[in-house]
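One structure is given below, encoded as structure tokens.
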Amino acid sequence: MNMYEAIFVRKSTRKYSMELLEDRTLEQFEHFLGQAEALRSNIKTEFKIVTCVEQAGRTQDSFPKGGTKAPYYLIITSELKQDYLLNAGFLMQQAVLYLTARGIATCYQGIASFADEITSEMEGEYVTAVAFGRPKGEVYREPQKLKRQADEKMIVWKEEPGENLRMIMKAAVAAPSACNLQPWRFVAYENRVHLFCRKNSMFQAVLSDIRLLDMGIMIANLYTAAEELWLDVSFSRSEMLAEKRFQNNEYITTAVFREKIF
Ligand SMILES: Cc1cc2nc3c(=O)[nH]c(=O)nc-3n(C[C@H](O)[C@H](O)[C@H](O)COP(=O)(O)O)c2cc1C
Numbered sequence: 001m002n003m004y005e006a007i008f009v010r011k012s013t014r015k016y017s018m019e020l021l022e023d024r025t026l027e028q029f030e031h032f033l034g035q036a037e038a039l040r041s042n043i044k045t046e047f048k049i050v051t052c053v054e055q056a057g058r059t060q061d062s063f064p065k066g067g068t069k070a071p072y073y074l075i076i077t078s079e080l081k082q083d084y085l086l087n088a089g090f091l092m093q094q095a096v097l098y099l100t101a102r103g104i105a106t107c108y109q110g111i112a113s114f115a116d117e118i119t120s121e122m123e124g125e126y127v128t129a130v131a132f133g134r135p136k137g138e139v140y141r142e143p144q145k146l147k148r149q150a151d152e153k154m155i156v157w158k159e160e161p162g163e164n165l166r167m168i169m170k171a172a173v174a175a176p177s178a179c180n181l182q183p184w185r186f187v188a189y190e191n192r193v194h195l196f197c198r199k200n201s202m203f204q205a206v207l208s209d210i211r212l213l214d215m216g217i218m219i220a221n222l223y224t225a226a227e228e229l230w231l232d233v234s235f236s237r238s239e240m241l242a243e244k245r246f247q248n249n250e251y252i253t254t255a256v257f258r259e260k261i262f
């Protein structure tokens with residue numbers, strides 16, 4: 001399975017077997033993390049794998065407070081610069097898709113807090129974490145069991161989409177989000193899509209940071225799908241849209257797709 005295929009069968013897993021993963025699997029994962037693509041290359045970030053199972057010759061890290069009990073966690077920290085949440089979500093989702101493709105279960109941890117000694121030597125501030133390991137039940141979900149809002153609620157098609165863009169949008173809306181709120185909205189043309197994020201209602205104020213993390217996660221799905229279809233995708237902000245006030249949504253960026261040229 002590749003990372004694109006993983007998008008449609010990934011699910012959040014909340015029950016883990018406390019078994020160790022093979023050293024080789026963890027080494028390959030660390031190698032992958034070192035090569036993950038940033039959305040904003042000017043923002044310094046750091047990944048760290050926290051191990052909460054006994055491992056010969058290695059002390060066990062303490063479980064985080066709150067959240068899911070799992071053998072491993074992946075933490076991401078970041079410099080607090082413009083778009084750091086989008087960037088961290090984008091990086092973290094690549095890690096999630098990598099693990100999913102290798103049959104390893106994951107779950108984002110919105111409320112877990114880690115002991116200071118785990119994060120204190122990392123670059124920047126703690127942003128979020130993902131629990132991972134072998135699941136107690138099934139690792140995958142059948143694609144038709146995905147629970148998401150209807151596409152018509154999220155996407156306005158301004159032009160008749162081609163097959164490629166339809167596939168890309170299917171991948172984008174399959175992304176996980178905190179409390180499954182799916183804050184993303186899209187205005188789509190033949191080869192470009194404006195990305196918007198729902199503004200907070202009063203009740204969701206506490207989730208305001210998380211919704212930008214969600215947007216980064218969704219953008220990673222969109223990017224992975226474009227790569228699969230041999231399309232280059234670039235992101236740029238339209239000044240005109242950035243200045244406009246929308247009642248319910250905030251403009252984030254525009255994705256432009258082009259055939260790859262060799
Ligand atoms: C940023 C973020 C934070 C999340 N925090 C939690 C959490 O604290 N606990 C939890 O059980 N699930 C958490 N989730 C998982 C979501 O509830 C889940 O992705 C959503 O309900 C959709 O389900 P699915 O991932 O199985 O498709 C989080 C997801 C995201 C993206």
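In the numbering used here, the protein residues as written are 1 to 262.
Ideal Cβ positions, reconstructed from N, Cα and C, are used throughout, including at glycine.
Extent of the continuous alpha helix (DSSP H) run through residue i
i    : result
F28  : The question names Phe, but residue 28 in the sequence shown is Gln. Where Q28 is concerned, the enclosing alpha helix (DSSP H) stretches over 23 to 35.
I168 : 163 to 173
F90  : 84 to 101
K153 : 151 to 154
E117 : 116 to 119
Which residues DSSP lists as bridging residue i, in chain order
i    : result
P135 : Y16
F257 : V233
T51  : Y72
S113 : K65
First through last residue of the beta strand (DSSP E) which encompasses residue i
i    : result
Y72  : 72 to 78
L271 : Limits of the chain in this structure are 1 at one end and 262 at the other, which puts residue 271 out of reach.
A105 : 105 to 109
Own chain, CB closer than 8 Å to residue i, minus 5 neighbours either side, in chain order
i    : result
N249 : R185, F196, C197, R198, K199
V9   : M1, T100, Y140, R141, E142, P143
W230 : E259, K260
As assigned by DSSP and simplified to three states, the class of residue i
i    : result
Y4   : helix
R40  : coil
L181 : coil
T128 : strand
T224 : helix
E243 : helix
K65  : strand
beta-carbon residue i near ligand 3 non-hydrogen atom, thresh 7 Å
i   : result
K81 : Among the ligands in the structure shown, ligand 3 does not appear; only ligand 1 can be found there.
Proximity below 8 Å, CB of residue i to CB of residue j
i    : j    : result
T45  : G124 : yes
R211 : P183 : yes
S62  : A115 : yes
Cβ-based neighbour list, residue i, same chain, cut-off 6 Å, excluding 5 preceding and 5 following
i    : result
V256 : R192, S234
A129 : Y73, I75, Q109, A112
E30  : none
R258 : D232
Cβ neighbours of residue i in the same chain (closer than 7 Å, five flanking residues each side left out)
i    : result
Q149 : Q182
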